[in-house]
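Structure first, then comments.
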Amino acid sequence: MSTNAGITEPRGVTRGVLQGFSWLVYVFFYAPILVLIIFSFSDNRNVGVWGGFTTSWYSEFVTDQPLTTALGNSLRIAVVVTVVSVVLGTMAALALERFRFRGRQVFDALLYLPVIIPDVTMAVMLLLFFTQAAKWFGFSKGFATITLSHIAFNISFVSIVVRARLAGMDDNLEEAAMDLYASRWQAFRHVTLPFIMPGIAGGALLAMTLSLDDVVITQFVTGAGWSTLPVYVFSLIRKGVTPLINAVSVVMLVASMVLVALSLVVQRVRGGSPA
Amino acid sequence: MAESAETHGATRANPAVALRGITKRFGSDDTVVVAVDDVSLDIADGEFFAMLGPSGCGKTTTLRMIAGLEFPTEGSLKIFGDEVGTLPPNKRPVNTVFQNYALFPHMTVLDNVSFGLRMQKVSKSDAAARARELIGLVRLSGMEHRKPAQLSGGQQQRVALARALVNRPKVLLLDEPLGALDLKLRQEMQGELKSLQRELGVSFVFVTHDQEEALTMSDRIAVMDDGRLLQVGSAEDLYERPVNRFVADFIGQTNLIEATVADGATIVLANGSKVAATTAHPAGAKVFMSLRPESITIGERGSAPAEFRADCLDGTVSEATYLGHAVDYHVSIDWIDLEVRTPAVVARKRYRPGDNVSVWWNRASNWLVAD
Amino acid sequence: MSVLDQVPVDGGGSPPVSAPVAVATPEFEAANERQSRRRGLLIALPSYAYLVVFFAVPLLTVVIYSFATRNRFGGADLTGWNIDSYQELGDDLIRTIFVRSAVLALITTVICLAVSYPFAYYMATRGERTRNLMLVFVMIPFWTNFLVRNYAWYVILGSDGPLSRITEFVGLGPTRVLFTQVAVVLGLVYGYLPFMILPLYAAIERLDGRLLEASRDLYANGFQSFRHVLLPLSMPGVIAGSILVFIPSLGAYVTPQILGGAKTTLLGSYIVTQFLTARNLPFGAAMSTVLMAVMLAATIVYFRKGGRTL
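Chains as they are written, first to last, in the numbering used here: chain V, 5 to 279; chain B, 366 to 736; chain U, 77 to 386.
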């Protein structure tokens with residue numbers, strides 16, 4: 005990636021210290037995850053106490069009605085959110101990278117805000133908005149309000165990822181396509197779209213991850229009796245924990261890992277470093 | 366000077382490209398930049414035509430307007446008699462070789478080359494066949510299924526050429542096509558481009574900032590500066606008969622000596638010495654005499670043959686540089702420094718700094734230009 | 077009529093030009109520019125409209141609510157405008173919460189920075205393969221569910237949990253970390269560490285190593301070289317990482333809920349309480365507005381300082 009000389013290696017003691025330190029950082033990252041996995045197989049009602057091996061918590065998860073419902077909700081929401089965010093986010097990225105138009109700068113700023121605003125603030129905003137809107141238009145909160153809210157922040161994340169990819173694209177490529185008798189649409193379809201595809205795929209995975217992970221915003225905009233998996237788990241944790249939560253957590257963990265693996269594959273296709 | 370206001374014309378009846386009053390302004394209202402200023406010129410069919418100038422002179426913008434990648438602000442642009450000034454690039458019978466080739470990175474060489482044909486709805490098999498033919502022409506057979514990233518710079522350049530030529534353009538546009546190659550490869554490609562152009566008989570319009578490249582390859586060259594077209598002509602025209610000081614200075618090396626016209630046959634240099642020069646400039650006009658270093662002869666003080674007495678100056682050698690094939694002298698003459706280049710084999714007598722010398726030149730080799 | 081229709085069947089040659097075509101004029105150029113702008117706006121419009129409706133309007137709603145009056149039913153009275161809610165922010169309890177949140181967020185940021193800098197530096201000095209591998213293993217926690225990662229610490233820190241067992245085993249007695257501010261900071265550091273590592277690594281990785289060599293050549297010792305060359309040049313990464321850690325820490329809600337106790341109410345949780353339990357909407361809205369303002373100010377400072385991406 006970098007064309008410069010790069011930083012030379014530290015030598016001797018410094019190097020040893022840095023190396024040991026880095027290993028410690030990884031231990032810090034992964035030990036809790038490992039502990040969680042281990043205790044999800046523990047046959048003891050107390051979450052942090054080992055009581056022999058069992059897979060009963062996993063079977064309980066599969067048969068627990070509220071949990072599976074919440075999981076189903078999460079997945080349905082994530083799919084809709086991903087599709088809509090990818091389309092809207094990609095269009096936003098194209099408009100900002102390729103065109104000048106009235107209100108462009110305002111749009112650019114508006115697109116950045118959902119990324120940098122704290123969760124809680126965004127949650128409060130959407131709660132007040134949907135409460136007010138429900139009062140005026142009369143709808144009930146749940147699937148629709150959660151989906152609309154997730155899209156509101158995911159458009160920004162997708163557009164950032166796609167824009168980065170578009171910015172790395174040689175302007176001449178589209179011109180070359182048009183010089184070779186492609187219409188505007190054909191140039192986009194045959195040259196631009198294949199080029200930014202890794203960015204779009206990366207954006208899609210990010211949108212899906214963020215939608216599946218979200219607790220705070222979802223908890224605020226959901227209606228009575230409607231829950232996603234993280235929100236349901238969060239409420240369980242606050243009520244009092246059982247190793248069932250360990251099992252659910254591990255399942256969510258594995259889902260995240262699968263998404264990471266997918267994103268790495270996408271980036272390998274892209275040919276860059278996985279940053 | 367005679368041509369500059371008028372159209373710089375090719376003599377043939379139906380030019381491949383005809384520009385009339387082409388102007389391109391960028392920006393809006395308060396910050397307008399005139400990139401191309403009222404350019405008129407004809408490019409003949411089958412001509413190897415170069416556009417030369419320093420960066421930012423408007424040559425690339427002119428090329429992009431011919432390609433359709435930029436629309437002129439005003440002016441007429443015709444290709445073989447048809448107005449195309451407001452047509453998008455995909456509706457013009459010209460193709461472009463881009464500066465960094467702009468090869469589609471996700472497509473193989475074959476897909477790159479057949480792209481233009483596919484966009485014109487040529488069947489997949491016909492397009493592939495034609496593309497293979499062109500890939501053969503640029504000597505890349507066997508590399509059809511490589512991606513651009515797996516090719517060297519020179520090979521990428523050939524793919525770009527094949528990709529443009531496969532469409533049988535009426536005019537091929539090349540934007541600094543050799544700029545990214547190293548010297549040896551560049552010289553090799555110059556020859557190849559030239560012979561390819563002769564073989565195909567298509568006009569090549571070629572943008573470059575490298576004057577040597579322009580001089581060696583082109584039938585005619587247009588010199589541009591600051592958006593304006595200064596001169597169009599053959600390499601000899603530009604080198605020997607530049608229309609103004611900029612062209613004289615830009616093409617090759619030259620000594621520019623300030624002078625005033627005395628009458629039709631004499632000019633007066635700044636130190637008062639009279640020098641013979643045939644000129645159409647009116648008496649009293651300020652001009653510059655352009656003298657190429659290699660057209661000046663150096664000899665011992667007072668040794669100038671009689672017929673050169675009127676085209677002779679006395680001075681002192683201030684610097685002598687041995688170049689192998691030539692010796693380069695800097696001669697101080699009162700108020701100026703002249704550069705003199707003598708072929709090494711001729712210069713049996715070498716001069717050293719401090720030597721008193723005379724320099725003289727053939728009257729035909731001086732050339733007067735206005736500022 | 078399309079040029080494509082006119083291509084000869086054998087597919088040879090360039091398409092002929094359809095006539096007649098207008099000569100270029102400033103009017104044509106302007107019309108063309110207008111068309112391009114229209115096209116851009118049209119492509120932006122769906123997402124633009126979406127963000128206006130589902131982000132800008134909600135944002136405005138919060139600001140409006142912050143000037144409203146609380147009514148008896150736990151809602152807000154939108155007719156009587158006042159700045160009471162902002163005056164309430166000066167309340168001692170609120171000030172304590174603000175200060176406590178800011179201090180915890182600051183501690184979190186400093187710890188993240190101290191841990192990430194040597195790590196990112198070491199990563200940047202590795203070869204391409206090792207570097208990418210190290211990066212992947214930072215990315216995995218980055219992508220992993222935040223709630224789950226905080227919950228893992230709940231399991232570890234619990235009074236009967238593994239950490240307590242270890243400390244008991246080595247004779248230090250059981251640890252009582254869960255439901256304290258220490259646990260909250262630990263959870264925040266764990267949650268946001270990748271946000272610090274990634275921008276720092278990006279900043280250090282693109283440095284020209286010859287600059288460090290040059291400083292050593294000019295008699296700087298290792299520390300001086302770090303202090304005068306490496307640190308100033310990696311400052312954009314330091315600032316970006318600090319903002320990325322500080323802002324979410326300041327507004328943290330999930331972490332204090334899981335790992336903190338009742339005694340450690342922080343800004344985020346307090347705002348949530350105003351909406352979901354106390355039903356004081358105008359006051360919650362005012363706190364949110366202030367939090368947003370702090371966030372915006374930090375971001376603007378960052379962009380002014382020449383940062384480009386967050």
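Don't be surprised by glycine CBs; every beta carbon is placed ideally from N, CA and C.
inquiry  = Considering just the uninterrupted stretch of the alpha helix (DSSP H) at V/Ile200, what are its terminal residues?
reply    = Where V/Ile200 is concerned, the enclosing alpha helix (DSSP H) stretches over Leu197 to Asp217.
- [ ] From the DSSP output, in three-state form, read off B/Glu435 for me.
- [x] When secondary structure is reduced to three states using DSSP, B/Glu435 falls in the coil class, being assigned neither helix nor strand.
Requested in this report: Report the neighbours of V/Val195 on chain B: residues whose CB is nearer than 9 Å to its CB, in chain order.
Outcome: Phe469, His471, Met472 and Phe480
Notebook entry, point to check: Cα separation between B/Thr686 and B/Arg715?
Noted result: 10 Å
Rounded to whole angstroms, what is the Cα-Cα separation between B/Trp732 and B/Thr473? Their Cα atoms are separated by approximately 54 Å.
- prompt: Using the beta-carbon of each residue, which ones in chain U are nearer than 9 Å to B/Leu537?
  reply: Those do not exist, as B/Leu537 stays about 11 Å from chain U at its closest Cβ, beyond 9 Å.
- Identify which residue in U/Pro102, U/Leu136 and U/Leu127 has its Cα closest to the Cα of U/Met368. The shortest C-alpha separation from U/Met368 is found at U/Leu136.
Go ahead and label B/Glu439 buried or exposed: buried means 16 or more other beta carbons lie within 10 angstroms of its beta carbon, across all protein chains shown. buried
Subject >> Per-residue DSSP class, three states only, for B/Gln464 >> reply: coil
Review point. Closest to B/Arg717 by CA distance: which of B/Arg666, B/Ser683 and B/Val404 is it?
Key: B/Ser683
So V/Phe133 is in the alpha helix (DSSP H); what residue range does that whole segment cover? First-last of the alpha helix (DSSP H) with V/Phe133: Asp123 to Phe141.
| said: Below 7 Å, is the gap between the Cβ of V/Ile241 and the nearest heavy atom of the ligand SAH? | reply: This structure simply doesn't include the ligand SAH, nor any ligand for that matter.
What does DSSP give as the partner residue(s) for B/Val696 in the beta ladder? B/Val682 and B/Leu703
**Q.** Residue(s) in a DSSP beta bridge with B/Pro708
**A.** B/Ala691
Is any beta-carbon of chain D found at less than 8 Å from that of V/Gln190?
Protein chains in the displayed structure are V, B and U, and chain D is not among them.
Exercise for the section: Could you give the DSSP three-state label for B/Glu541: helix, strand or coil? Expected result: coil
Against chain U, which members of the region 101–114 of chain V pass a CB distance test of less than 8 Å? Result list: Arg102, Phe103, Arg104, Phe105, Arg106, Gly107, Arg108, Phe111 and Leu114.
Rounded to a whole number of angstroms, what is the C-alpha to C-alpha distance between U/Glu32 and V/Tyr185?
No statement about residue 32 of chain U is possible, as the shown extent of chain U runs from 77 to 386 and does not include it.
Under 9 Å from the C-beta of U/Asn108: neighbouring residues of chain B: Phe436 and Thr451
> For B/Ala415, which of helix, strand or coil comes out of DSSP?
Replying inline: Here B/Ala415 sits in strand by DSSP.
So which of B/Arg385, B/Ala496, B/Ala383 and B/Val404 has the shortest CA-CA distance to B/Asp591? Shortest Cα-Cα distance from B/Asp591 to any of B/Arg385, B/Ala496, B/Ala383 and B/Val404 involves B/Val404.
Q. By Cβ distance, which residues of its chain are closer than 6 Å to V/Val162, with the 5 residues on each side in sequence left out?
A. Ser89, Val90, Gly93, Gly207 and Ala211
- Query: When Cβ atoms are compared, which residues of the region 169–183 of chain U fall closer than 8 Å to chain V?
  - Reply: none
Look up B/Lys549 in the DSSP assignment and say whether it is helix, strand or coil. helix
As an exercise, report each continuous alpha helix (DSSP H) stretch of at least 4 residues that is fully enclosed by the region 336–376 of chain U, in chain order. Counting whole runs of 4 or more residues, the region 336–376 of chain U contains the alpha helix (DSSP H) stretches 343–352.
task: Taking only the alpha-carbon atoms, compute the straight-line gap between B/Val640 and B/Gly680 and give it to the nearest angstrom.
output: 15 Å
Fill in: Close Cβ partners of V/Val245 (< 7 Å) along its chain, the five nearest in sequence each way excluded
The residues are Val51.
Return the residue from the list B/Met484, B/Glu557, B/Glu672 and B/Thr631 that minimises the CA-CA distance to B/Thr644. B/Thr631
* Closer than 8 Å, CB to CB, is V/Met212 near chain U or not? -> With its beta carbon at least 8 Å from every one in chain U, V/Met212 lies outside the interface.
ask   = Got a sec, what are the start and stop residues for the alpha helix (DSSP H) V/Phe57 sits in?
value = From DSSP, V/Phe57 is part of no alpha helix (DSSP H); its letter is neither H nor E.
Worksheet entry | Spatial neighbours of U/Met363 in its chain, beta-carbon cut-off 6 Å, leaving aside the 5 residues before and after | Ile347
Of all the CB atoms in chain V, is at least one closer than 8 Å to the CB of U/Pro332? no
**Message:** Please state the DSSP three-state secondary structure of B/Asp476.
**Reply:** helix
Quiz item: Taking buried to mean at least 16 other C-beta atoms within 10 Å of its own C-beta, is U/Tyr124 buried or exposed?
Solution: That one is buried.
| message | Does chain B have any CB closer than 8 Å to the CB of U/Glu105? | response | It does: the Cβ of U/Glu105 has a partner Cβ on chain B nearer than 8 Å.
Exercise. Any chance the region 121–139 of chain V sits against the region 182–201 of chain V, with 3 or more Cβ pairs inside 8 Å?
Worked result: no
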